[in-house]
Amino acid sequence: MKQVIFLLSLLTLVACRKEKEQPNNNAAKKLVGLISIGSDNTNINITRYQYHESKLVRATHLNPQGDTLSYRTYAYNNGVLINASYFQNNQRIAAEVFNYDGNKLYSSYYIEYPGQDTIYWKTYTVEGSLVTNFVTHYPGFEDEEHVRYTYTNGNMTESETHDTKSNTTIRSNYEYDTNPNPFYEVQGAQLVLPNAISKNNIVKIHRHMQDNNDGKYNIVSKYVYRGNGYPGKVENYYQMGTKLNAIEFLYE
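Residues 194 to 445, numbered by my numbering, are exactly what the sequence shown covers, in order.
Right, here's the structure in full:
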């Protein structure tokens with residue numbers, strides 16, 4: 194669940210991002226897939242992306258043999274994301290619905306099918322066009338998750354996630370180069386690339402987690418770029434240097 198929430202937090206961050214600046218001229222290239230490779234180079238997962246009129250409409254997760262494991266669909270209204278639905282065995286199992294005041298995101302809720310039970314809902318703080326804080330509420334549990342984002346010169350430089358029940362805190366710091374990010378403000382890629390909300394290319398992420406039992410871990414993510422400025426791979430390592438996994442980017 195926490196992994197899903199992390200991914201959705203990235204998604205909702207960019208769902209309401211609207212700037213007047215135009216993306217750079219390289220932005221026509223489409224990200225069509227990701228290949229996740231485990232530390233032993235055998236645990237391989239593939240995600241394929243489909244677009245309609247420059248907007249991401251479907252993300253399909255496959256095994257190495259090409260069999261569909263699950264997929265997500267995205268629906269829009271007046272250019273903003275209003276629904277992300279999740280399917281397994283061609284059955285919808287969950288969805289997140291987003292609520293706006295004009296184009297300004299203020300809340301969302303995540304439901305599971307068939308009973309349409311609400312698993313959690315979120316409330317957002319938006320400054321200008323950027324989500325700076327959001328709180329995830331879990332009905333029936335004494336638990337909330339607070340997320341804060343810090344931006345500098347158009348780049349997200351820090352994030353902090355705190356879970357009140359487990360007293361777990363995850364802090365992430367982001368480093369950038371001075372080159373323009375080709376995916377900045379490109380519809381579709383923003384939903385799947387965590388660095389797509391930044392003006393410059395991210396080169397490294399430092400993540401530090403500490404929980405109530407003094408459990409700690411540190412993960413460093415290193416990005417490798419192609420000659421045309423597009424990310425080719427990100428490699429994730431534990432602080433002691435042990436490789437966790439890698440993700441390769443596919444384009445057309």
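Idealized CB from N, CA, C, for every residue including glycine.
Leaving out five residues on either side along the sequence, give the residues of the same chain with a beta carbon under 7 Å from the beta carbon of residue i.
| i | result |
| --- | --- |
| residue 418 | 394, 424 and 425 |
| residue 310 | 304 |
| residue 264 | 251, 252, 253, 254 and 280 |
| residue 370 | 393, 394 and 396 |
So, for residue i: in the same chain, excluding its five sequence neighbours on each side, which residues have a beta-carbon less than 6 Å away from its beta-carbon?
| i | result |
| --- | --- |
| residue 354 | 340 and 363 |
| residue 388 | 395 |
| residue 347 | 392 |
| residue 235 | none |
| residue 338 | 329 and 356 |
| residue 136 | For residue 136 there is no data in the structure shown, the boundaries of the chain being 194 and 445. |
| residue 266 | 251 and 278 |
From this set, the options, which residue's C-alpha is nearest residue i's C-alpha?
| i | options | result |
| --- | --- | --- |
| residue 409 | 401, 422 and 441 | 401 |
| residue 261 | 281, 297 and 342 | 281 |
| residue 332 | 380, 249 and 303 | 303 |
| residue 436 | 244, 361, 230 and 338 | 230 |
| residue 343 | 376, 335, 330 and 326 | 326 |
| residue 382 | 232, 443 and 312 | 443 |
| residue 429 | 404, 440, 420 and 350 | 440 |
| residue 372 | 345, 392, 361 and 338 | 392 |
| residue 349 | 222, 307 and 374 | 374 |
| residue 434 | 420, 399, 403 and 404 | 399 |
| residue 268 | 420, 244 and 411 | 244 |
| residue 306 | 445, 356, 337 and 288 | 288 |
| residue 322 | 411, 390, 246 and 403 | 390 |
Can you list, in chain order, the residues of its chain with a C-beta nearer than 8 Å to that of residue i? Leave out the 5 residues immediately preceding and following it.
| i | result |
| --- | --- |
| residue 299 | 292, 293, 316, 317 and 319 |
| residue 397 | 367, 368, 413, 414, 415 and 416 |
| residue 385 | 224, 227, 240, 242, 249 and 252 |
| residue 313 | 198, 302, 303, 329, 330, 331 and 332 |
Measuring CB to CB, does residue i end up less than 8 Å from residue j?
| i | j | result |
| --- | --- | --- |
| residue 257 | residue 286 | no |
| residue 432 | residue 248 | no |
| residue 276 | residue 290 | yes |
| residue 334 | residue 358 | yes |
| residue 378 | residue 365 | no |
| residue 438 | residue 232 | yes |
Run through the DSSP bridge pairs and tell me what residue i is partnered with.
| i | result |
| --- | --- |
| residue 226 | 241 and 443 |
| residue 358 | Its beta-bridge partners do not exist; DSSP assigns none. |
| residue 415 | 397 and 428 |
| residue 436 | 430 |
| residue 363 | 354 and 402 |
| residue 368 | 397 |
| residue 231 | 438 |
| residue 281 | 284 |
| residue 373 | 393 |
| residue 300 | 292 and 316 |
| residue 386 | Note: residue 386 sits in no beta bridge, so no partner. |
| residue 310 | 305 |
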